[in-house]
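Enquirer: Residue numbers (my numbering): 28 to 683.
Virtual Cβ for every residue (Gly too), placed ideally from N, Cα, C.
Would you mind keeping the following structure in view while I ask a few things?
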């Protein structure tokens, strides 16, 4: 089964490449499709071999799969390199260029076919398979069927059986005996906590995956010995140290110096220490890794500005690029030359880059800019940073981009921490082009920009996760968030900034009435609410994760009513400085598993209702010294609140 899955993936990748770039493969299309047909026949033969359950046969199959995978990846490299040359020469604009390019790729593809034919001679059952499925059979029909199946995820069917449908209709679709039956999709199962249970993958399954990856030489891991007896520098020649096309480097106490060429390298993952610069790699050496598809760079030294080399633009095959730095990152304009880039993740304090990024990178699907610290899980780190440097760790300032025409946005699925400024608003209608966006993060520069953006969000039918930051804008005007109620598919929401008028603790203004009913994860930061939000939040039937932080509540008392928060799994409360009393009525939060309290200095005691929540598995008290003492057993004496939390298996207490 493993061999069959690998070859299916390789074959589909080549077929998809051939179809998507057909205009650039005129003249060699038959050779490419011949490779796909050969892989299909080998997949069938390997399926037969897998069924024989013999150790010797299994070892042979593994060796053959590795050899076939090498051929298939070489073929992909040849095709993509050819396409790149075509684009660079303006689609065969030169008179003498076209025959030369076609001859070169034709020879290379035929060489790979010859390698596959030599491998097939040692493949058990291959001749039988070829006898049953001649080369002249309906390969084109099979390929078109594969294309039809793959396009189902893109185009919406007229008839879809959802969880609201009748069971008989689902069974009728599944039991249809049609030659052309392709896919029956069951949708709507989950997302709001109905009908689907989550589970953790067992460690044995993870170990099995790691074992198989090592057997197949899928990923080469380089980690120098921690001993520094041989000097602080550890030179690594990538070509000699690993034959794998994917390499991960984990430095220890010695500085890793990367050298040598690895022309077939596809993935390079560099995991540097955040406080040291233990990996030395000059971007100019990327000419040695021209076929790189995945690149992960982390710069751990405390450099204030990292000017990324313009050589990054030479990695024309790059699909995934992740870059992290403790300071600022200045991205060169050559990043726009990465026409195949699909995912760009940047983590830093501040980012400088061209606002034309979405216009230039037409295949970009995921673009996110995040702060170096990861939010709530780093509260302890943030406070220690404040004590050491006298200032809070900065959040990311986001990045300015210009919205391109609608058609250039249809591939975008993730767009995070984008500044909404004047240039963004000039082409606000282009927001409607984000038809496939699922995760969106916006940082507003003016209160007048909020309402038109929110009105546009209603029309984004696939939007599931939304982050809106209006903390830095004028605090007098409160943004109108009422239209968010109609974002029915929205399940994750983060709001950072004031959301209630400043009428003090006796305010009669409704708060949080705009929250969509299907929300499962909600984070409120710096909301400055005077009215107790728990009354409204407790009505959210599907809410599983709730975080209140950064003065999101200015009141002195919170009440969680009975039967409220029926599905809540995790609760985190941080920096609620005025809070003095917290009441949990019996029957509230019956499913709560994890609870975290951070820096609430005036809270006098833990709520009595905690002892009724029998599902609690872990509790974390951070920088709440008085509560920590009340919840512990010190010198054999139980604290005043210990009886409320004695049933919790894991209690963590952090203090200064």
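How long is the line joining the alpha carbons of residue 641 and residue 567, rounded to whole angstroms?
Expert: Each residue's Cα considered, the two are about 21 Å apart.
Enquirer: Beta-carbon separation of residue 573 and residue 543 under 7 Å?
Expert: Contact: no.
Enquirer: Can residue 336 and residue 372 be called in contact, C-beta distance under 7 Å?
Expert: In this structure, residue 372 does not lie closer than 7 Å to residue 336 by Cβ.
Enquirer: Which residue's Cα is closest to the Cα of residue 498: 425, 357, 139?
Expert: Nearest option by C-alpha distance: 425.
Enquirer: Taking the alpha carbon of residue 389 as the point to measure from, which residue in 615, 378, 366 has its own alpha carbon closest?
Expert: When only C-alpha atoms are compared, the closest one is 366.
Enquirer: Helix, strand or coil: how does DSSP classify residue 496 here?
Expert: Strand.
Enquirer: Any chance the segment 616 to 629 sits against the segment 661 to 670, with 3 or more Cβ pairs inside 8 Å?
Expert: No, they do not touch.
Enquirer: Could you pull out every residue in the same chain whose Cβ sits closer than 8 Å to the Cβ of residue 277, ignoring the five residues on either side in sequence?
Expert: Closer than 8 Å at Cβ, skipping near neighbours: 248, 249, 250, 298.
Enquirer: Starting from the Cα of residue 428, find the closest Cα among 440, 485, 453 and give me that residue.
Expert: It is 453.
Enquirer: Alpha carbon to alpha carbon, how far is residue 646 from residue 507? Give it in angstroms, no decimals.
Expert: Approximately 36 Å, taken between the alpha carbons.
Enquirer: Near residue 678, what residues of its chain come up, given a Cβ to Cβ distance below 6 Å and the 5 sequence neighbours on each side ignored?
Expert: The residues are 646.
Enquirer: Pick helix, strand or coil for residue 618, following the three-state DSSP scheme.
Expert: In the structure shown, residue 618 sits in coil (DSSP, three-state: anything other than H, G, I, E or B).
Enquirer: Within the same chain, show all residues whose beta-carbon is closer than 7 Å to that of residue 446, passing over the 5 residues directly before and after it, in chain order.
Expert: The residues are 425, 426, 427, 470, 472.
Enquirer: Express the C-alpha separation of residue 234 and residue 288 in angstroms, rounding to a whole number.
Expert: Whole-angstrom Cα-Cα distance: 32 Å.
Enquirer: Can you tell me the Cα-Cα spacing of residue 333 and residue 352, whole angstroms?
Expert: Rounded to whole angstroms, residue 333 to residue 352 spans 8 Å at the Cα level.
Enquirer: Could you please give me the residues that DSSP links to residue 393 through a beta bridge?
Expert: Paired residue(s): 370, 441.
Enquirer: If you draw a straight line from the alpha carbon of residue 360 to that of residue 387, how long is it in whole angstroms?
Expert: The alpha-carbon atoms of residue 360 and residue 387 are separated by roughly 10 Å.
Enquirer: Exposed or buried, residue 671, counting other C-beta atoms within 10 Å across all chains shown (16 or more means buried)?
Expert: With 16 or more Cβ atoms within 10 Å of its Cβ, residue 671 is classed as buried.
Enquirer: Given residue 594, which residues of its chain have a CB within under 7 Å of its CB, disregarding the five upstream and five downstream residues?
Expert: Result list for residue 594: 220, 568, 569, 570, 571, 618, in chain order.
Enquirer: Reducing DSSP to helix, strand and coil, say where residue 546 ends up.
Expert: Coil, per DSSP.
Enquirer: For residue 681, which residues of its own chain have a beta-carbon under 8 Å away from its beta-carbon, when the five flanking residues on both sides are left out?
Expert: Taken in chain order, the residues that qualify are 407, 647, 648, 649, 650.
Enquirer: Which whole-angstrom value is the C-beta distance of residue 486 and residue 459, which I expect to be below 8 Å?
Expert: Yes, residue 486 and residue 459 are in contact; Cβ-Cβ is about 6 Å, under 8 Å.
Enquirer: Alpha carbon to alpha carbon, what distance is there between residue 620 and residue 666?
Expert: Rounded to the nearest angstrom, the two C-alpha atoms are 23 Å apart.
Enquirer: How far does the beta strand (DSSP E) with residue 677 in it extend, from its first residue to its last?
Expert: Note, residue 677: beta strand (DSSP E), 677 to 681.
Enquirer: Using a threshold of 7 Å, state whether the C-beta atoms of residue 550 and residue 511 are closer than that.
Expert: No, Cβ-Cβ distance for residue 550 and residue 511 is not below 7 Å.
Enquirer: Which residue from 379, 644, 577, 362 puts its Cα closest to that of residue 391?
Expert: The shortest C-alpha separation from residue 391 is found at 362.
Enquirer: Let me confirm a value: residue 674 is counted as buried when at least 16 other C-beta atoms fall within 10 Å, else exposed. Which label applies?
Expert: It counts as exposed.
Enquirer: Among the residues of its own chain, which have a CB less than 7 Å from the CB of residue 476, if the five just before and after it don't count?
Expert: 447, 452.
Enquirer: Just verifying my parser: in three-state terms, what is the DSSP assignment at residue 452?
Expert: If DSSP states are grouped into helix, strand and coil, residue 452 belongs with the helices.
Enquirer: Using DSSP with H/G/I as helix, E/B as strand and the rest coil, what is residue 674?
Expert: Residue 674 falls in the coil class under three-state DSSP.
Enquirer: Hey, how far is the Cα of residue 643 from the Cα of residue 562?
Expert: Cα-Cα distance, rounded: 22 Å.
Enquirer: Relative to the alpha-carbon of residue 603, which residue among 582, 587, 491, 588 has its alpha-carbon at the smallest distance?
Expert: Residue 582 is the option with its Cα nearest to residue 603.
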